[in-house]
Ligand code: BES
Ligand code: MN
Ligand code: ZN
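Residue numbers (this note's numbering): 518 to 1028.
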């Protein structure tokens, strides 16, 4: 069977995002049976009804249907996310698609809404593209792609198929803009799919195997350290957290070198939390809190999917990706509250809660990166704390950074990607809470939990410019919401790529 870009090791064939075709068509001349998405904009003031976007009048004439009347009948307002389906004889239909204020992010949400309405159709013509500048067109394509997301492990195949082809009503010369957006959307799709994969398949070795396939396909170097190498190498955090599991830990290392790399080309290390399932360990989680913990490797998924897309977005700097993969399980060989761990590089931690495992595996990877790779900057991504969810709610990720330029770059990339972050302080006032009576620090220092977790990690960064993304708040969603589909979100890959595609991502960051 043919392997597609969205297939995963050991799972039945997965659906793929739609193909994108660019064509300046006349809405009035579309073939009978066509599915066409037409923009609807709110009227200038509240007393007006909504108005039709480009091609609306022509289409009304050609169909002999007063589409404004259709809108009025459905009480459509033109708000973003609104899709009014008007079926036509012969199998065709018009998707009257609210575009709200027509900001780039509105195009993203409108694209996702169209993708949902167009499932199981072979083709959709998207008139909204005619209204979009390049930023909006990219957002539209991201929405059309990610709104099509499906994951399945069913004997009979996926229950719904993404629309096969999207015809964007715009100049074919814009194909490179669309291709770039589709690449970044695929990275979001892949990290979401990895995070959705059940943990009876997704163990650390499986994650490494998937990484090997993507590395080969995208020309990355890869090295995987197994549990023996990790023990010999002094990775005490990964060993402790992973030692109860029947599937031992791995450290996955991917290397991207840009085609024109010189000796002084800047070097970034991305580190991902790869807990393939978080039971909490002996400090076991209550059943309800454990249900979503297959996605506790979201940070690792983000790093893998981002690395695999760097060449396609022409990333100009060297990037190393590290995924600290382990299952936090319960067994006779579990690590215990009270244990003291020696991390890579020698720093020690007293474990007071085995459910604060993410920081233990990240500590090894950060210390390894700082000591052995000596990068110009370090960025980690992790579903690290429930406290970040309490602080920020479920739509915004937490960002911590030691450098203001780095923080600004990443925050702005998040805005562009529609993956929003809010910066929290590395407040040294709470540093003393990390103290342990017998070790260098305590792994569960108490509140404020997102901040003390970040402060714990900072000790392993050797003073390098560092950003930490606590994506626990945005790890999943209980309902379809814009480009998010019910379940894990894969949050972070798109924002990293919107940053790393820039001409000089580390410009102005002291090294
Ligand atoms: N994986 C969890 C964090 C998490 C919680 C992510 C909810 C997404 C949703 C992490 O390993 C964890 O359990 N953290 C503990 C730390 C505490 C024991 C210090 C937490 O946040 O409760
Ligand atoms: Mn935990
Ligand atoms: Zn965890």
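Beta carbons are placed, not taken as given, at the ideal position from N, Cα and C, and that holds for glycine. The structure presented is a predicted model; accordingly, all values stated were derived computationally and were not measured.
| query | result |
| --- | --- |
| Span separating the alpha-carbon of residue 931 from that of residue 607 | 43 angstroms |
| Reduced DSSP category for residue 464 - H, G, I as helix; E, B as strand; rest coil | The structure shown does not extend to residue 464, since the chain is modelled only from 518 through 1028, so no value can be given for it. |
| Proximity below 9 angstroms, CB of residue 1034 to CB of residue 814 | Lying outside 518 to 1028, the shown extent of the chain, residue 1034 is not represented and no answer is given. |
| Distance between beta carbons of residue 625 and residue 648, contact taken as under 8 angstroms | Going by Cβ atoms, the distance from residue 648 to residue 625 rounds to 14 angstroms, so no, they are not a contact pair. |
| Span separating the alpha-carbon of residue 708 from that of residue 582 | 43 angstroms |
| Segment limits, alpha helix (DSSP H) that includes residue 578 | 573-580 |
| Presumed contact (8 angstroms Cβ cut-off) between residue 844 and residue 762, rounded CB distance | 4 angstroms |
| Other residues of its chain near residue 621: CB distance less than 6 angstroms, five sequence neighbours each side excluded | 652, 653, 656 |
| DSSP three-state assignment for residue 968, whether helix, strand or coil | helix |
| Burial state of residue 665 (16 or more Cβ within 10 Å) | buried |
| Nearest candidate by alpha-carbon position, reference residue 867, set 821, 897, 901, 961 | 961 |
| Integer-rounded CB distance, given that residue 758 should sit under 8 angstroms from residue 899 | Actually they do not touch by this definition, with Cβ atoms about 13 angstroms apart. |
| Residue 994 versus residue 911 - alpha carbon distance | 8 angstroms |
| Check: residue 807 C-beta below 8 angstroms from any heavy atom of the ligand ZN | no |
| First and last residue of the uninterrupted alpha helix (DSSP H) at residue 587 | 584-590 |
| Same chain, Cβ closer than 6 angstroms to residue 1008, neighbours up to 5 away in sequence not counted | 936, 988, 991 |
| Residue 985 classed as buried or exposed, judged by whether at least 16 other C-beta atoms fall within 10 angstroms | buried |
| Identity of the residue in 749, 623, 552 nearest residue 604 by Cα | 552 |
| Cβ-Cβ separation, residue 695 to residue 827 (assumed contact under 8 angstroms), whole Å | That pair is no contact at about 19 angstroms. |
| Exposed unless 16 or more other CB atoms sit within 10 angstroms - verdict on residue 1011 | buried |
| Where residue 666 falls: helix, strand or coil (DSSP) | coil |
| Residue 742 versus residue 767 - alpha carbon distance | 6 angstroms |
| Residue from 547, 610, 675 with nearest C-alpha to residue 529 | 675 |
| Coil, strand or helix - residue 1015 by DSSP | helix |
| Closer than 8 angstroms: residue 845 CB and nearest the ligand BES heavy atom | yes |
| Paired residues, beta bridge with residue 766 - DSSP | Note: residue 766 sits in no beta bridge, so no partner. |
| The segment 917-927 touching the segment 995-1002, judged by at least three CB pairs closer than 8 angstroms | no |
| Alpha-carbon spacing of residue 964 relative to residue 975, whole angstroms | 17 angstroms |
| DSSP-derived helix/strand/coil call for residue 777 | coil |
| Test item: CB-CB of residue 724 and residue 877 under 9 angstroms | no |
| Own chain residues within Cβ distance below 7 angstroms of residue 1021, not counting five before or after | 833 |
| Length of the line joining the Cα atoms of residue 700 and residue 829 | 7 angstroms |
| Segment limits, beta strand (DSSP E) that includes residue 859 | 857-859 |
| Helix, strand or coil at residue 739 [DSSP, three-state] | strand |
| Inter-residue Cα distance where the pair is residue 568 and residue 685 | 21 angstroms |
| For residue 697 and residue 558, the rounded distance between their alpha carbons | 27 angstroms |
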